[in-house]
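Notes for the one structure printed next.
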Amino acid sequence: MTATLVDRDPVLQAFAGEVGVDDRIAARGAGTRWTVGGHSALGTRIVAAPSGIVTYAPEEMTVRVRAGTAVAELHDELRERGQRTALVERGGTVGGAVMVGENDIHTLGRGSLRSSVLQVRYVSAEGRVVNGGGPTVKNVTGFDLPRLFVGSLGTLGLLAEVILRTNPIPAASMWLAADEVDAFAAFDALQRPSSVLWNGGRTWVLLEGHRADIDAERDVLGRFGNFEPVEGPPDLPSHRWSLAPAELRSLAPRPDGDDEGRGFVAVVGVGLAFCDRAQPARNVTAPIRALHDRMKANFDPTGRLNPGRDPLDRGPSAEAD
């Protein structure tokens with residue numbers, strides 16, 4: 001695995017000293033998704049990761065930022081240089097967003113969170129600062145530690161700092177919507193939509209780029225239905241579902257009309273849906289559970305990191321703050 005000890009940054013070393021080496025420990029950001037994967041065990045000591053933007057290289061399209069930094073603060077800074085990240089803007093911290101690993105309705109345009117994390121610096125179960133990944137993809141070899149950490153809920157290490165890939169804010173953007181069109185066929189026909197949403201009867205499309213590109217893509221949409229400009233996406237139901245992209249069609253209204261409690265907005269091409277009821281718990285196969293447990297034992301042999309939280313548990317018990 002590509003991971004090295006880091007011993008030069010006094011801020012990270014101070015965080016490592018706070019984490020220590022003995023008791024049960026967890027890092028908490030703004031608490032916006034604090035119960036995803038279960039609740040921290042009673043008696044778990046809670047710490048806060050350091051905050052602040054360390055370095056920002058707009059020309060390289062990367063930013064190094066402490067895990068305790070608010071996502072809104074980071075995006076305010078990047079916006080001044082016409083850039084953004086794949087982090088979900090929901091009031092939380094950078095570390096919280098990375099540890100939960102959520103994508104959102106803008107994933108097609110901004111990229112997935114997992115592919116946007118280039119480097120992680122974290123405090124291990126042994127209280128050491130460890131570096132994994134690199135500032136550019138070409139500098140990384142071996143095991144992809146950053147991708148492993150995305151969505152790990154702080155059970156493998158307490159995130160202290162990340163390097164994120166940034167991307168440009170488009171020159172123009174436009175939301176369009178139409179009723180009774182094939183959202184999946186429209187998605188396939190478009191060159192690069194930033195978002196395609198579908199609720200079984202209505203389709204919303206976000207087009208971004210130069211005005212000429214948006215006009216050309218709008219002409220393509222015209223082959224599928226009467227798409228008209230709208231102010232933005234629809235209101236999203238409260239429960240987030242994770243599905244394979246091909247499974248999104250299964251959310252369509254039933255022929256018998258029995259769709260009570262089945263309101264949804266699906267993110268076409270991503271495998272994400274927002275529904276008005278919790279996603280049924282999925283069975284975790286024995287091989288996946290065994291692999292997960294071995295990985296956890298390698299990173300945290302004494303089980304002190306965020307006990308009670310399980311990255312494989314994304315069912316109803318993990319809902320809502």
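The sequence shown begins at 1 in the numbering used here and counts up one residue at a time.
Ideal Cβ placement from N, Cα and C applies to all residues, glycine included.
Owing to the predicted nature of the structure, the values given are computational and were not obtained by experimental measurement.
Using a threshold of 8 Å, state whether the C-beta atoms of residue i and residue j are closer than that.
i, j, result
"A41", "G127", "no"
"L87", "V63", "no"
"V196", "F227", "no"
"L305", "H292", "no"
"V117", "V54", "no"
"A278", "H239", "yes"
"A49", "A160", "yes"
"R19", "V123", "The sequence shown places Val at residue 19, not Arg. Contact flag set, yes."
"T166", "M61", "yes"
"V220", "A189", "yes"
"D310", "G38", "yes"
"L236", "F274", "yes"
Which residues does DSSP pair with residue i in a beta bridge?
i, result
"I46", "A26"
"R239", "The sequence as given places His at residue 239; Arg does not occur at that position. Its beta-bridge partners are C275."
"R301", "According to the sequence as given, residue 301 is Pro; it is not Arg. DSSP, once it has assigned bridges, lists no residue as partnering P301."
"P229", "L176"
"E208", "S173"
"S116", "Answer is none; S116 lacks a bridge partner."
"I53", "V65"
"L197", "W204 and V267"
"A189", "Answer is none; A189 lacks a bridge partner."
"G133", "Q119"
My output table needs one value for residue i: the three-state DSSP class, helix, strand or coil.
i, result
"I288", "helix"
"M295", "helix"
"V11", "helix"
"V150", "coil"
"T32", "coil"
"I214", "helix"
"L164", "strand"
"A244", "coil"
"L158", "strand"
"L312", "coil"
"T203", "strand"
"R79", "helix"
"R121", "strand"
"G261", "Summary for G261: the model assigns pLDDT 47, below 50, so the residue's position carries little reliability, and this model does not support an answer."
"R110", "helix"
"V88", "coil"
"A281", "coil"
"A72", "helix"
Within its chain, find whatever has a CB closer than 6 Å to the CB of residue i; leave out the 5 residues flanking it on each side and keep chain order.
i, result
"S51", "R66, G68 and T69"
"E209", "Sequence check: residue 209 is Gly here, not Glu. Only P170 meet the Cβ criterion."
"S173", "E208"
"V11", "P50"
"R211", "A172"
"R45", "D23 and I25"
"G109", "S194 and E208"
Can you give me the Cβ contacts of residue i inside the same chain, cut-off strictly under 8 Å, excluding the 5 residues immediately before and after it?
i, result
"R79", "I169"
"N199", "P234, G263, F264, V265 and A266"
"L153", "V36, G37, M99, V100, N306, R309, D310 and P311"
Closer than 7 Å by C-beta to residue i: which residues in its own chain qualify, once you throw out the five before and the five after it? Chain order, please.
i, result
"E260", "With a pLDDT of 48 at E260, under the threshold of 50, the predicted position of this residue should be treated as unreliable, though the coordinate-derived value follows. Counting only Cβ-Cβ distances below 7 Å, and skipping sequence neighbours, we find nothing."
"P58", "R81 and Q83"
"W177", "The sequence shown places Ala at residue 177, rather than the Trp named in the question. Once the five neighbours on either side are set aside, the close Cβ partners of A177 are R202, T203, W204, F227, E228 and V230."
"G43", "R24"
"T155", "K296, D300, L305, N306, R309 and P311"
Under 8 Å, Cβ to Cβ, is there at least one residue of chain C near residue i?
i, result
"D144", "Absence of chain C from the displayed structure is noted, only one protein chain being present."
Segment contact flag, the segment 142 to 160 with the segment 94 to 103, C-beta cutoff 8 Å, min 3 pairs: yes
The segment 178 to 196 contacting the segment 263 to 275, beta-carbon criterion three pairs below 8 Å: yes
Stretch pair the segment 236 to 248 + the segment 75 to 93: three plus CB contacts closer than 8 Å: no
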